[in-house]
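Some notes on the structure that comes next.
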Amino acid sequence: MTPEKQNAQHVVDTLNSLLEVDPGAIASLVDYRVSCSEEFARDTSAMVGICDGVFLVGMIGIINALIAPEVIAAIYEGKELTSFTVFVSNTKKEEGL
18 MTPEKQNAQH
28 VVDTLNSLLE
38 VDPGAIASLV
48 DYRVSCSEEF
58 ARDTSAMVGI
68 CDGVFLVGMI
78 GIINALIAPE
88 VIAAIYEGKE
98 LTSFTVFVSN
108 TKKEEGL
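Heads up, the sequence shown is in the numbering used here, so the first residue is 18 and it goes up one at a time.
Written out as structure tokens, the structure is:
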């Protein structure tokens, strides 16, 4: 594993441990978004969303900036946060074939 993947996996393991201890607190943090500037969205490595013309960033977007180029994702079953995982895109899988 590359250092980036080890780092991302460590983050996922830590988040999953925290989720086990207090799922309500972790889910609230993960679900919370704050507005940010277009400059922040454009000029940083944070993952930023847009809703009704407003740029939004959350905890996972900031964490992904810290561990780039690796990406972590929150897994939901319905509306319930159940775990975190290291995200691997289909593009990366296909490139490895």
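Here a beta-carbon is modelled for each residue, glycine too, at the ideal position from N, C-alpha and C.
Discussion item. With H, G and I counted as helix, E and B as strand and the rest as coil, what does DSSP make of Val-71?
Written reply: Numbered from 1 along the sequence shown, position 54 holds the residue referred to as residue 71. Correct three-state label for Val-71: strand.
Discussion item. I'd like to know whether the C-beta atoms of Gly-78 and Gly-66 end up nearer to each other than 9 Å.
Written reply: Against the sequence shown, residue 78 aligns to sequence position 61. Against the sequence shown, residue 66 aligns to sequence position 49. A contact, by the Cβ cut-off of 9 Å.
Discussion item. So, with DSSP's three-state summary, where would you put Ala-63?
Written reply: As a first step, residue 63 is located in the sequence shown; it is residue number 46 there, counting from the start. Looking at Ala-63 - three-state DSSP - the assignment turns out to be coil, as it is neither helix nor strand.
Fill in: Same chain, Cβ closer than 8 Å to Ile-89, neighbours up to 5 away in sequence not counted
Counting from one through the sequence shown, the residue named residue 89 turns up at place 72. Same-chain partners within the cutoff: Ala-25, Val-28, Val-29, Leu-32, Ile-77, Ile-80, Asn-81, Phe-101, Thr-102, Val-103 and Phe-104.
Worksheet item: Can you check whether the CB of Phe-72 is closer than 9 Å to the CB of Ala-85?
Response: Residue numbering aside, residue 85 sits at position 68 when the sequence shown is read from its first letter. Residue numbering aside, residue 72 sits at position 55 when the sequence shown is read from its first letter. Not in contact: Ala-85 and Phe-72 (Cβ atoms no closer than 9 Å).
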